[in-house]
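Peer 1: All letters in the sequence shown, in the order written, are residues 1 to 260 by the UniProt record's numbering.
Just so it is clear, CB atoms sit at the ideal spot from N, CA and C, and this is done for glycine as well.
Here the structure is a predicted model, which is why all the values come from computation and not from measurement.
Please read through the structure below; I'll follow up with questions.
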Amino acid sequence: MIEILELTDLPRAKETGVLVADILQALRSRCAVGTNLLDIDRWAATMIVEAGALSCYVDYEPSFGRGPFGHYICTSVNDAVLHGLPHDYALADGDLLSLDLAVSLGGIVADSAISFVVGDARPPESLALIDATERALSAGIAAAGPGARIGDLSHAIGAVLSAAGYSINTEFGGHGVGSTMHQDPHISNTGRPGRGYRLRPGLLLALEPWVMADTDRLVTDADGWTLRSATGCRTAHSEHTIAITGDGAEILTRPSRTRP
Numbered sequence: 001m002i003e004i005l006e007l008t009d010l011p012r013a014k015e016t017g018v019l020v021a022d023i024l025q026a027l028r029s030r031c032a033v034g035t036n037l038l039d040i041d042r043w044a045a046t047m048i049v050e051a052g053a054l055s056c057y058v059d060y061e062p063s064f065g066r067g068p069f070g071h072y073i074c075t076s077v078n079d080a081v082l083h084g085l086p087h088d089y090a091l092a093d094g095d096l097l098s099l100d101l102a103v104s105l106g107g108i109v110a111d112s113a114i115s116f117v118v119g120d121a122r123p124p125e126s127l128a129l130i131d132a133t134e135r136a137l138s139a140g141i142a143a144a145g146p147g148a149r150i151g152d153l154s155h156a157i158g159a160v161l162s163a164a165g166y167s168i169n170t171e172f173g174g175h176g177v178g179s180t181m182h183q184d185p186h187i188s189n190t191g192r193p194g195r196g197y198r199l200r201p202g203l204l205l206a207l208e209p210w211v212m213a214d215t216d217r218l219v220t221d222a223d224g225w226t227l228r229s230a231t232g233c234r235t236a237h238s239e240h241t242i243a244i245t246g247d248g249a250e251i252l253t254r255p256s257r258t259r260p
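Structure below.
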């Protein structure tokens with residue numbers, strides 16, 4: 001299903017997006033050496049409930065997972081890149097942590113992910129991975145607008161990732177959002193320009209470039225959810241929800257200026 005919102009719904013979509021972004025930034029500020037992934041999940045749950053929002057993950061039970069997910073946020077560390085199931089693990093100095101969060105507020109979903117290094121260490125490989133996904137995300141957003149095609153976004157994302165030297169997995173990518181978390185169209189992280197669905201005002205898209213340092217192959221963890229690089233290499237993941245407007249694309253998952 002491809003859901004097109006009325007432009008009058010955009011303020012509610014913005015409210016959801018800001019909430020997601022603010023929660024992610026608040027969690028990032030609290031993540032330090034020794035922080036437990038289960039604490040991050042509890043903090044996320046508290047902030048979601050206090051905001052009067054609903055988690056998109058707790059009851060999430062797709063065909064590829066061992067569901068329901070049962071937690072409020074995805075916490076992926078080092079070689080884990082997607083769907084990281086929170087578990088009893090204390091973060092170490094230099095860990096590369098990706099947080100992926102989707103919530104529904106007022107009947108509209110927003111989805112975003114950030115990757116960052118914990119502590120004082122700054123491993124060059126980790127920083128390069130993060131930088132590549134962030135630049136690819138910016139390129140995909142720049143390619144979006146009314147009349148553009150999905151392939152234009154995929155091509156823009158893939159060009160950045162490939163130029164950075166990374167191979168690209170196409171099993172998982174971006175997607176439409178709206179009243180539910182995962183909708184059509186699928187947005188691969190590489191593709192051919194001029195192909196695919198033509199974007200229209202009112203369409204919400206979650207773009208999410210992710211890469212692994214030296215492979216494009218995933219393996220599923222014993223928990224049935226966490227997806228890791230097949231070689232054990234490090235990974236990174238960046239994501240924004242955008243709205244297609246009459247004259248371009250607007251990022252919804254930017255934090256508010258009033259919250260650190």
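Using only the alpha-carbon positions, how far apart do I48 and G147 sit?
Peer 2: Position 48 of the sequence shown, counted from the start, is the residue given in the question as residue 48. Position 147 of the sequence shown, counted from the start, is the residue given in the question as residue 147. Approximately 35 Å between the Cα atoms of the pair.
Peer 1: Just the C-alpha distance for E134 and V160, rounded to the nearest angstrom, thanks.
Peer 2: Counting from 1 along the sequence shown, the entry for residue 134 is found at position 134. Counting from 1 along the sequence shown, the entry for residue 160 is found at position 160. If I take the Cα positions, the gap works out to 10 Å.
Peer 1: Quick one: which unbroken beta strand (DSSP E) runs of 3-plus residues sit fully inside the region 24-100? Chain order, please.
Peer 2: 74-77, 80-82
Peer 1: Rank M1, V109, D247, H87 by C-alpha distance to the C-alpha of P11 and give the top, closest one.
Peer 2: Position 11 of the sequence shown, counted from the first residue, corresponds to residue 11. When each option's Cα is compared against that of P11, the closest is V109.
Peer 1: In the DSSP assignment, what are the bridge partners of H237?
Peer 2: Residue mapping note: residue 237 aligns to position 237 of the sequence shown, counting from 1. The partner list for H237 (beta bridge, DSSP) reads W210.
Peer 1: Would you kindly report the start and end of the unbroken beta strand (DSSP E) that includes A164?
Peer 2: What you label residue 164 is simply residue 164 of the sequence shown in a count that begins at 1. A164 -> no beta strand (DSSP E), and no H or E assigned at all.
Peer 1: From what residue to what residue does the alpha helix (DSSP H) around D131 run?
Peer 2: Residue mapping note: residue 131 aligns to position 131 of the sequence shown, counting from 1. D131 -> alpha helix (DSSP H) spans 124-142.
Peer 1: Taking the alpha-carbon positions, what's the A249 to L105 distance?
Peer 2: What you label residue 249 is simply residue 249 of the sequence shown in a count that begins at 1. What you label residue 105 is simply residue 105 of the sequence shown in a count that begins at 1. Distance between the alpha carbons of A249 and L105: 21 Å.
Peer 1: How would you call M212, buried or exposed, if buried means at least 16 neighbouring beta carbons within 10 angstroms?
Peer 2: Counting from one through the sequence shown, the residue named residue 212 turns up at place 212. By the neighbour-count criterion, in which a residue is buried when 16 or more other Cβ atoms sit within 10 angstroms of its Cβ, M212 is buried.
Peer 1: Classify I2 as buried or exposed, calling it buried when 16 or more other Cβ atoms lie within 10 Å of its own Cβ.
Peer 2: Taking the sequence shown and counting its residues from 1, the one referred to as residue 2 is at position 2. The residue is exposed, with fewer than 16 neighbouring Cβ atoms inside 10 Å.
Peer 1: Do G194 and R122 have their CB atoms nearer than 7 Å?
Peer 2: Reading the sequence shown from its first residue, position 194 is the one you call residue 194. Reading the sequence shown from its first residue, position 122 is the one you call residue 122. Their beta carbons are not under 7 Å apart, which means G194 does not touch R122 by this criterion.
Peer 1: Measuring CA to CA, which of V177, G34, H182, V20 is closest to Y89?
Peer 2: Walking along the sequence shown from the start, residue 89 turns up at place 89. Selected option, being the one with the closest Cα: G34.
Peer 1: Have a look at G158, T226, I141, V18 and flag the residue whose alpha-carbon is nearest the alpha-carbon of T245.
Peer 2: One-based indexing of the sequence shown puts residue 245 at position 245. It is I141.
Peer 1: In angstroms with no decimal places, state the Cα-to-Cα distance between L207 and S55.
Peer 2: On the sequence shown, residue 207 is found 207 positions in, with the first residue counted as 1. On the sequence shown, residue 55 is found 55 positions in, with the first residue counted as 1. One C-alpha to the other measures close to 19 Å.
Peer 1: Residue range of the beta strand (DSSP E) that A148 falls in?
Peer 2: Taking the first residue of the sequence shown as 1, we reach residue 148 at position 148. Element bounds for A148: n/a, residue is neither H nor E.
Peer 1: Taking all protein chains shown into account, decide if R30 is buried (16 or more other Cβ within 10 angstroms of its Cβ) or exposed.
Peer 2: Stepping through the sequence shown from its first residue, residue 30 is reached at position 30. Result: exposed.
Peer 1: Look at E61 and G70 and say whether their C-beta atoms are less than 7 Å apart.
Peer 2: For the purposes of this step, residue 61 is taken as residue 61 along the sequence shown, with counting starting at 1. For the purposes of this step, residue 70 is taken as residue 70 along the sequence shown, with counting starting at 1. No, these two residues do not count as a Cβ contact at 7 Å.
Peer 1: Any idea what DSSP makes of L252, helix, strand or coil?
Peer 2: Position 252 of the sequence shown holds residue 252. Coil.
Peer 1: Please name the residue in S256, A44, L38, L227 whose C-alpha comes closest to that of L27.
Peer 2: Your numbering for residue 27 matches position 27 in the sequence shown. Comparing Cα-Cα distances from L27 to each of S256, A44, L38, L227, the minimum goes to A44.
Peer 1: In angstroms with no decimal places, state the Cα-to-Cα distance between F172 and L37.
Peer 2: Taking the sequence shown and counting its residues from 1, the one referred to as residue 172 is at position 172. Taking the sequence shown and counting its residues from 1, the one referred to as residue 37 is at position 37. If you take the alpha carbons of F172 and L37, they lie about 23 Å apart.
Peer 1: Please state whether the Cβ-Cβ distance between L127 and L24 is less than 7 Å.
Peer 2: Stepping through the sequence shown from its first residue, residue 127 is reached at position 127. Stepping through the sequence shown from its first residue, residue 24 is reached at position 24. Against a cut-off of 7 Å, the Cβ pair of L24 and L127 comes out as no contact.
Peer 1: V177 lies in the beta strand (DSSP E); which residues open and close that run?
Peer 2: The sequence position of residue 177 within the sequence shown is 177, counting from 1. Counting along the chain, the beta strand (DSSP E) containing V177 begins and ends at 174-177.
Peer 1: If you drop the 5 nearest sequence neighbours on each side, which residues of the same chain put their C-beta closer than 7 Å to that of R200?
Peer 2: The count along the sequence shown starts at 1 and reaches residue 200 at position 200. Contacts found: I4, P146, I244.
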